[in-house]
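Worksheet: one structure, shown below.
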Amino acid sequence: MLKLPIYLDNNATTPMDPRVLEAMTPYFLEHFGNAASRNHPFGWEAEEAVDYAREQVAKLIGADPKEIIFTSGATEGDNLAIKGVYEMYASKGNHIITATTEHKAVLDTCKHIEKLGGEVTYLPVNAEGLIDLKELEAAIKPTTILIAIMYANNEIGTIQPIKEISALARKNGVLLFTDGTQAVGKIPVDVNKDGIDLMAFSAHKMYGPKGVGALYVRRKNPRVKVTAQMDGGGHERGMRSGTLNVPGIVGFGKACELCMLDMEEDTRRISILRDKLETELLKLEEAYVNGSREHRLPHVSNISFKHVEGEGLMMGFNKNIALSSGSACTSASLEPSYVLKALGLGDDLAHSSLRFGLGRFTTDEQIDYTIKAVSETVLKLREMSPLWEMYKEGIDLNTISWAAH
Amino acid sequence: MAYSEKVIDHYQNPKNVGTLDKSAKNVGTGLVGAPECGDVMRLQIQVDDATGMITDAKFKTFGCGSAIASSSLATEWLKGKSVDEALKIDNMDIVEELNLPPVKIHCSVLAEDAIKAAINDYRVKNGMEAIKFEESVVH
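In the order they appear, the protein sequences are chains H and B.
So the number in this note's numbering is just where the residue sits in the first sequence, counting from 1, plus 8.
So the number in this note's numbering is just where the residue sits in the second sequence, counting from 1, plus 184.
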C-alpha cells in the first residue's frame, strides 16, 4: 500500500539509509571516544573508525584519504574553501570568479570577500543554466586566484562542464573549487579526472547523517592550502579545528561506500522514474522543463506550469507530497528563485515552478500518485486562474499594464 | 508554513470562481496584482441598478492559497451588500477572518484593492466618477 506523505525533495535532504544508521550506532554508545585521544583504546577506536571513513569518502571521489578534511557540511566547506584560499593566496591576488546560479553559501561568502576588499566576477548562465567557457576565460586575469563553480545545481540539476573549466583553470594557474553537494554520490565525480583542486560536499544529500561533510583539498599537482577559519586544536591537518564528529563521520563513510556500490543501479532506476514523471507532466499544456535536459542530474526535474503559482499549486497536495517550489511567496520579498531568473525565465514562469527531487527510496507507485495529483491540481488551479483565461482567449499578457505592487 | 483551516477550506472549496460578462454595464471588473509578483486577482461584481445591491460576485486568482482564499472570501462578503457597504470592507477584516500570517497580509490588501477597482469600474461605466483611494500601505 502507498504510504503518504511521499518525499520528493531529495535535493534538500535525503533520508538516511538504514545501513548507515546501523554503522553509526556503536559510535554513539560503546565506541564514544575522541579521535584525538592518543593515549587510550577509546581514542584509538575512534581514530581507526575515522581513518576508515576517510578512506571510504576519498574512494568515492578518487582522492587520497589525506586530502579529505571533515567539516560540518557543505556550507562550512564552501566557506572554508573560498575564505581559506582568499587568505592563503592573498600575495598572489584577490580575484575570484563564480556564477550567478551558485548556492547562497558560495554567493554570500563571495559577498563577504568583496567586503574584505576582494574582487568577485559573477558569470551569467545561459537558458540551460550553463556558464560560457569563453566568458570564463575572458574573466581570468593576473590577480585571479580561484574559480568557484558548482558541479551541479541544486534547483535545476544542471551539470557544469567541470573538466573544461578545470582545463582553463590549470592553463591559467588558477585554482578550481567546486561545490559538489548535489553531484557527489549521484553521478561519477573524480577529482583527478575532473581536475578539481577543492570540493565541498555533504553527507545528508547522499543518504548519510546531517551535520557532517567534507572539503577535498588537493595535496599534489598543485599542493593546495587553505587558511583555517576556526582556531583551535589544529585538527584535520590544521585546516579545521574541532573535535571530530565520529558517529557522523562513520555514517558519512558508509553513505559514500553505498553510493559507490549502488550508483549505477540507483541512477538507472531513478532516471527511468524521473523521465516517466516528466513525460507525463509535460503532457499538460504550457508546461516547461527548466534547465538543461542533456547535462542534468538523473534525479532532478524542475518544471514550470504556466499561469499557476507554485506555492498555490503545492498547497493542492503538500499534505501528501513533499516538493519544493521556485516561488517565494512565503518570503516577504516575493522574489522568485534567483536561479530560475538567471536562466532568463520571466517572473511568471519562475513563480510557476516545482522542483521534483527523486531518490534511492522513490517508488514507481509514488511517481504514479504524484503525476495524478500534480496534473489534477494544475488543471483545477488553471480553471481558477485569470491569466489562464486570458491566455486561452488569446490575450498577450505582456500587453497588459500590470499594477506591480 | 501551515495554513489556517479557513484558508485551506477556501482553497479546496473556493466560492464563486468564474467570470461575469465584463462588457455588461452592470458588471464591474477589478484586475489587480501582477504576474511578476506571483499574484493576480480578478474580482467582478454584478450590481442591481435599481437597488444598488451587489447581486453576484465572481473571482479568478493566480496566486498562493492565501490569495485564493482572500478573493474567495471577498466574493462571499460582497454578495448581498450595497456598493457603498462594499467599500467599507477592510483588508484587516480578511486577515482576521482567515488568520493570515504577516507575510500573507499583502493577499488581503490585494483583495481590498480588487474590490475597490471593481467598484470604480462599475461607477465609471455608469457615468459616475471614480473614487480616489489612498494608496494602500502594505504593498
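Yeah, the Cβ is synthetic: ideal placement off N, Cα and C, and Gly gets one too.
As the structure is a prediction and not an experimental result, all values here were calculated from the model.
- Judged by pairs of C-beta atoms under 8 Å, the stretch 213–223 of chain B touches the stretch 289–303 of chain B, as three or more such pairs exist.
- Secondary structure note for residue 50 of chain H: its alpha helix (DSSP H) is the uninterrupted segment 49–68.
- Taking 8 Å as the cut-off, the Cβ atoms of residue 82 of chain H and residue 189 of chain H count as close.
- Along the length of the stretch 136–161 of chain H, whole beta strand (DSSP E) runs at least 3 residues long occupy 152–156, reported in chain order.
- For the pair residue 117 of chain H and residue 86 of chain H, the Cα-to-Cα distance works out to about 8 Å.
- Per DSSP, the continuous beta strand (DSSP E) segment holding residue 186 of chain H begins and ends at 183–187.
- Every beta strand (DSSP E) of 3 residues or more that sits fully in the stretch 267–338 of chain H is shown, in chain order, as 295–297, 308–313.
- With a beta-carbon spacing of about 18 Å, residue 184 of chain H and residue 195 of chain H fall beyond the 8 Å limit used to define contacts.
- Ranked by Cα distance from residue 227 of chain H, the options H/206, H/238, H/217 are led by H/206.
- Of the candidates H/250, H/286, H/302, H/250 places its Cα closest to the Cα of residue 84 of chain H.
- Scanning chain B for C-beta atoms nearer than 8 Å to the C-beta of residue 395 of chain H yields 219, 224, 246, reported in chain order.
- Counted as a single uninterrupted DSSP element, the beta strand (DSSP E) harbouring residue 226 of chain B occupies residues 223–232.
- Contact of residue 356 of chain H with chain B by beta-carbon distance below 8 Å involves 219, 220.
- For a cut-off of 8 Å, the C-beta gap from residue 20 of chain H to residue 39 of chain H is around 31 Å, too long to register as a contact.
- For the pair residue 215 of chain H and residue 392 of chain H, the CB atoms are not nearer than the 8 Å cut-off.
- The stretch 305–315 of chain H and the stretch 387–406 of chain H touch, with three or more beta-carbon pairs separated by less than 8 Å.
- The Cβ of residue 405 of chain H sits closer than 8 Å to at least one Cβ of chain B.
- For residue 320 of chain H, the nearest CB of chain B lies under 8 Å from its own CB, placing it at the interface with that chain.
- Scanning H/383, H/366, H/379 for the CA closest to the CA of residue 213 of chain H turns up H/366.
- Contact check for residue 13 of chain H and residue 244 of chain B: beta-carbon distance about 29 Å, past the 8 Å limit, so the pair fails to qualify.
- With contacts defined by Cβ atoms closer than 8 Å, residue 90 of chain H and residue 160 of chain H do not form a contacting pair.
- Taking all protein chains shown into account, residue 298 of chain B has 16 or more neighbouring C-beta atoms within 10 Å of its C-beta and is therefore buried.
- A residue is called buried once 16 or more other Cβ atoms fall within 10 Å of its Cβ, and residue 265 of chain H is buried on that count.
- Buried is the label assigned to residue 144 of chain H, since at least 16 other Cβ atoms lie within 10 Å of its Cβ.
- About 5 Å separates the beta carbons of residue 274 of chain H and residue 368 of chain H, which is inside the 8 Å limit, making them a contact pair.
- Where residue 222 of chain H is concerned, the enclosing beta strand (DSSP E) starts and stops at 221–225.
- Residue state for residue 398 of chain H is assigned as helix, using DSSP reduced to three classes.
- Across the set H/222, H/398, H/332, the C-alpha of H/222 shows the shortest separation from the C-alpha of residue 261 of chain H.
- For the stretch 193–206 of chain B, the set of positions with a beta-carbon nearer than 8 Å to some beta-carbon of chain H reads 195, 198, 201, 203 in chain order.
- Close CB contacts of residue 150 of chain H within its chain, under the 6 Å cut and outside five residues either way in sequence, are absent.
- As computed with DSSP, residue 22 of chain H is found in no beta bridge at all.
- Interface with chain H (8 Å Cβ-Cβ cutoff): residue 215 of chain B is included.
- Under the criterion of beta carbons closer than 8 Å, residue 220 of chain H and residue 77 of chain H do not qualify as touching, at roughly 12 Å.
- For residue 103 of chain H, the secondary structure class from DSSP, reduced to helix, strand or coil, is strand.
- Around residue 316 of chain H, the beta-carbon contacts reaching into chain B at under 9 Å are 246.
- By the Cβ neighbour-count rule, residue 47 of chain H is exposed, with fewer than 16 other Cβ atoms within 10 Å of its own.
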